[in-house]
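Trainee:
Numbering (the working numbering), first residue to last: -18 to 921.
Written out as structure tokens, the structure is:
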């Protein structure tokens, strides 16, 4: 929303006055996070606690609406009713992003030094590697951004409004504070509205509050401290009208709506760095320090031996080329690109390459409930028939397929089925929803509970469509929160008396029930037994509604409400509803636990419902591990130790606000966790932004998608776990590439330093080093990125957040393999020079030996834990082909005159080649012994 300078035009309502009235609470930065707190702004108008007259007076409007001229002034003054959004990055920005890496900086410096020394071949190769890395990264991120750009915005809708008493339809962007907005079933709410009139008006606010059930709207005045989720006389931008009609006055538009506040919080919240970036930056610093140190030592020794300064500098450049793993950026980028492609096949779209590994690094997944763990469809799970017969309803969501079973697992008998069908018939008649099959898919309209009742009736054997055709509706009493029930009067035949079907809350329906339908027929009502059953269902986290029927004598009067008719009803039963778990989510959560990933639930839903779902998923085992938003408020400032220590013990967070969710995630991040946050609603966006990795649902809101690092296209929690697995595989492959490149680079450094201290000639020329890296690591490092995952990937505990790429195991393997290759190569170089070989011929043999060493060592690097002989060839055909082709390329080059002159090469006999191959295989033997010893040590 574009706002003018407060000192500007004074037409219409004053800018600064309206900002106070629109509830634009203060924003303060603390600990790199945004905190929004209404309580801090004493001047904020609490629209839900005001009478209509005062609201009209404050907004300078009326029930007839604004004058068009005044609306135009306000639109000009306050801007369009749109949310603040981040512009998608331009191609140039994406390209530049590829160069923001310390390792790239080191490579560029090395290339520049080579240019100044007129060593254009080395410089050209280094710059080529940097360009290849940038091209691969740019293509991948551009493709991801193109996928994300297809998302639609929340507020691009048409709205019906009333201005100067005339109703019309305008784009939602033109809504201004003070407009009268008309609502009907299916309408999208264009702004925050105070309800002025409501007739059976229910609204789906799940994108904001996280609750899957539609909310009944009223026109009464509420208490000032009523939380957003309980303000039933307000509707919020981006929500959807499910049933009924109504109208409201716009109290906030654009960035001042509840959705806008969240969007603003998102744009101002600092995002935690992905784990890979943290580790690569740390690793790059270490590499840079090592390179500088080695260069200084070598240069000092060379100068002390009387070597000319110019030659020393060229030697230092050659050492830099050896020590810097110039193939690492390409290898890492390819590994991430491959993982991104694999993730896409498993329904996870990655928006930034650096985020690929993040999901595999997480120690905690903070998951939303509605739409993430559950199907976001109310489902009748149980039916209680009087006085205490429980029946389980199978099947999920609104698909009318599933069996009915007794609590003990058996099927209902004929008498029980007859009672169930009587119960189902009443729910089908007293119903405003629709459920039908179209083109092989089930389509529904209306309130989620009504649709769930229709699905229930079909499962029990009642065809709702046929049932309603056979009766004539006489009168209806729509459900409203004040009366807490709905009723339908009908006749099966004109000669029959008028009957009625009723559904609603126990406290609203039970007073009119004089009997209950049991296996013994109609017997006197037993309120205690029925309330006991209701309490049991409520404790289990179900939403329970009772169903009753009856008949009246005579005609239905002008007041069909039960309070006026006072019918004698027969209690038929209780239906228990819940938003059920997705079919695969239980196993996915258990997989996370086996992988050492902690799963916590953060939701805006009711505590009992949240606890029931969490307990069923084995996320929590005690009510003590749950906390509500109101209880969090009592803990005080998020910076306080009591706040942090209390949250550390909590597994389930219920009835939390969007900002509280962000505070929870911030607390986890500050305690050292790598946090992945899942969500699909606007209410999830701040937490998605604050987390190390944000994972949005494909069916979720645009704000959530734009904020996230990844998007799960099929909305299933199991896809998130699959993404975590691919992230771990990607990180494993990055470690393998790093081990290969660093250990071989170390070997080259050791070879050079030993030769220098022994007073021997430089073992390899700079151009030979460049060729060595090209035909081995340049290809093998990329091919290694295609390695398939190893068994047990999701059985390992997450890495410690503070652990760098080089942990104890990798350091040991790097040193052992690097020292082995370096020392053996030096011994061969010492022998060759001692035997009187010319330097060119000796270097020819040494270069071939180093290529064979690296060809052999790549098979050691295929697994950090398993023997090279136990890793199947089929896991990476690219690598096998790469080794054969590159070895063949070098052999061919030794016979081509141009390459002979360029690289000082000469052909060698098969006997010599085979002898060098046997020497190179020493590194395989050494690493096999190390892995065997390490395996037994770990086992002990």
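C-beta: ideal position from N, C-alpha, C; glycine also.
Can you give the Cα-Cα distance for residue 727 and residue 738, rounded to whole angstroms?
Mentor: 16 Å
Trainee: Taking 8 Å as the limit between beta carbons, can you name the residues of its chain near residue 810, skipping five residues before and five after?
Mentor: So the qualifying residues of the chain are 732, 736, 741, 744, 823, 827.
Trainee: By DSSP, does residue 60 sit in helix, in strand, or in coil?
Mentor: coil
Trainee: Using three-state DSSP, classify residue 574 as helix, strand or coil.
Mentor: Helix.
Trainee: Buried or exposed for residue 655, please, with buried defined as at least 16 other CB atoms from any protein chain shown within 10 angstroms of its CB.
Mentor: Residue 655 is buried by the Cβ-count criterion.
Trainee: Are the CB atoms of residue 199 and residue 176 nearer to each other than 8 Å?
Mentor: The beta carbons of residue 199 and residue 176 sit closer together than 8 Å.
Trainee: Go through the stretch 480 to 557 residue by residue and report every complete run of the beta strand (DSSP E) that reaches 3 residues or more, in order.
Mentor: 494 to 499, 502 to 505, 524 to 533
Trainee: Quick check: the stretch 718 to 725 against the stretch 790 to 802, are there 3 or more CB pairs under 8 Å?
Mentor: yes
Trainee: Distance check for residue 221 and residue 170, CA to CA, integer angstroms please.
Mentor: 6 Å
Trainee: If we define contact as Cβ-Cβ less than 8 Å, is residue 704 a contact residue for chain B?
Mentor: Considering every chain present, this structure includes no chain B. It has just one protein chain.
Trainee: Residues in its own chain within less than 7 Å of residue 163 by CB, not counting five upstream and five downstream?
Mentor: 141, 142, 143, 148, 228
Trainee: Please state whether DSSP places residue 592 in a helix, a strand or coil.
Mentor: Of the three classes helix, strand and coil, the one that applies to residue 592 here is helix, per DSSP.
Trainee: Just checking my contact of residue 961 with residue 755 at CB under 8 Å: how many whole Å lie between their CB atoms?
Mentor: As shown, the chain starts at -18 and ends at 921. That puts residue 961 outside it, with no answer to give.
Trainee: Is residue 557 closer than 8 Å to residue 525 when the C-beta atoms are compared?
Mentor: yes
Trainee: Quick check on the DSSP output: the beta strand (DSSP E) that includes residue 372 runs from which residue to which?
Mentor: 370 to 374
Trainee: Taking 6 Å as the limit between beta carbons, can you name the residues of its chain near residue 404, skipping five residues before and five after?
Mentor: 528, 553, 554
Trainee: Going along the chain, which residues of its own chain have a beta-carbon closer than 8 Å to the beta-carbon of residue 466, five neighbours each way excluded?
Mentor: 458, 460, 483, 484, 485, 486, 489, 490, 543
Trainee: Tell me which same chain residues have a C-beta within less than 8 Å of the C-beta of residue 668, skipping the five on either side of it?
Mentor: The beta carbon of residue 668 is closer than 8 Å to those of 347, 583, 639, 642, 643, 645, 646, 658, 660, 675 in its chain, skipping five residues each way along the sequence.
Trainee: From the DSSP output, in three-state form, read off residue 120 for me.
Mentor: In the structure shown, residue 120 sits in a helix (DSSP, three-state: H, G or I).
Trainee: For residue 630, which residues from the same chain have a beta carbon less than 7 Å from its beta carbon, with the 5 sequence-adjacent residues on both sides left out?
Mentor: 606, listed in sequence order.
Trainee: Tell me the rounded alpha-carbon separation between residue 901 and residue 819.
Mentor: Taking the straight line joining both Cα atoms gives about 22 Å.
Trainee: Could you give the first and the last residue of the continuous alpha helix (DSSP H) run that contains residue 37?
Mentor: 33 to 40
Trainee: Taking a contact to mean a Cβ-Cβ separation below 8 Å, would you say residue 537 touches residue 470 in this structure?
Mentor: yes
Trainee: Do you know offhand how far residue 911's Cα is from residue 842's?
Mentor: 13 Å
Trainee: Specify whether the stretch 494 to 514 and the stretch 226 to 243 touch according to this definition: at least 3 beta carbon pairs, one from each stretch, less than 8 Å apart.
Mentor: Contact between the stretch 494 to 514 and the stretch 226 to 243 is absent, because fewer than three Cβ pairs lie under 8 Å.
Trainee: To which residues of the same chain is residue 119 closer than 7 Å at the C-beta, ignoring the five residues directly before and after it?
Mentor: So the list reads 75, 76, 79, once near-sequence residues are dropped.
Trainee: Buried or exposed for residue 396, going by 16 or more other Cβ atoms inside 10 Å?
Mentor: exposed
Trainee: Please classify residue 202 as buried or exposed, where buried requires at least 16 other C-beta atoms within 10 Å of its C-beta.
Mentor: exposed
Trainee: Beta strand (DSSP E) containing residue 634: first to last residue?
Mentor: 633 to 635
Trainee: In terms of residue numbering, what span does the beta strand (DSSP E) encompassing residue 466 cover?
Mentor: 466 to 472
Trainee: Nearest-angstrom Cα distance between residue 903 and residue 730?
Mentor: 19 Å
Trainee: Distance, Cα to Cα, residue 386 vs residue 507?
Mentor: 24 Å
Trainee: Do residue 436 and residue 523 have their C-beta atoms closer together than 8 Å?
Mentor: no
Trainee: Could you spell out the range, first to last residue, of the alpha helix (DSSP H) harbouring residue 160?
Mentor: Per DSSP, residue 160 belongs to no alpha helix (DSSP H) and is neither H nor E.
Trainee: Distance, Cα to Cα, residue 472 vs residue 571?
Mentor: 53 Å
Trainee: Would the stretch 774 to 793 count as touching the stretch 860 to 873 if we require 3 or more Cβ pairs under 8 Å?
Mentor: no
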